[in-house]
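Note that my numbering has the sequence shown beginning at 79, numbered continuously upward. The beta-carbon is built from N, C-alpha and C at its ideal position, and this holds for glycine as well. Some notes on the structure that comes next.
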Amino acid sequence: VQLQASGGGLVQAGGSLRLSCTASGAVVYINALEWYRQAPGNNRELVSSMTRGGKRNYLDSVKGRFTISRDIPKNMVYLQMNSLKPEDTAVYYCHAKNIVEGTDYWGQGTLVTVSS
């Protein structure tokens, strides 16, 4: 499985960005598509996930501001980020797991910078 993420950039606090991730390859073995982020000096953390069945989860600090969605036929996942804060600054990664083999797949990361 290959994951290609895009949509990062520089935005002022309070602004919005939309991240996109396209999955290709053996996508039939993937259930959840997820967004992680990693800020300098911090561990990578799970921001949001969405299963094929539509179950969504969010990091507490982004609830009410971020929305994850999927286009199943296009094998895409989106992360709409509103009311961005400087603490949202990080490299955001798209992630998926092969539910049969347990293999983790990561996109290349896209940088989100929120200025105050």
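When C-alpha distances from Q116 are compared across L124, N109 and A110, the shortest belongs to L124. From the listed residues V192, V140, N176 and G142, the smallest Cα separation to A101 is found for N176.
Counting the other Cβ atoms within 10 Å of the Cβ of L88 gives fewer than 16, which makes it exposed. Its chain contains G86 and V169 as the residues whose beta carbon lies nearer than 7 Å to that of L189, once the 5 sequence neighbours on both sides are disregarded; these appear in chain order.
In the structure shown, V89 falls within a strand segment according to DSSP collapsed to helix, strand and coil. The beta-bridge partner set that DSSP reports for K175 consists of D182. For V105, no beta strand (DSSP E) encloses it, and the DSSP letter there is neither H nor E.
If you ignore the 5 residues before and after H173, its C-beta comes within less than 6 Å of the C-beta of E112, Y114 and W184, all in its own chain and listed in chain order.
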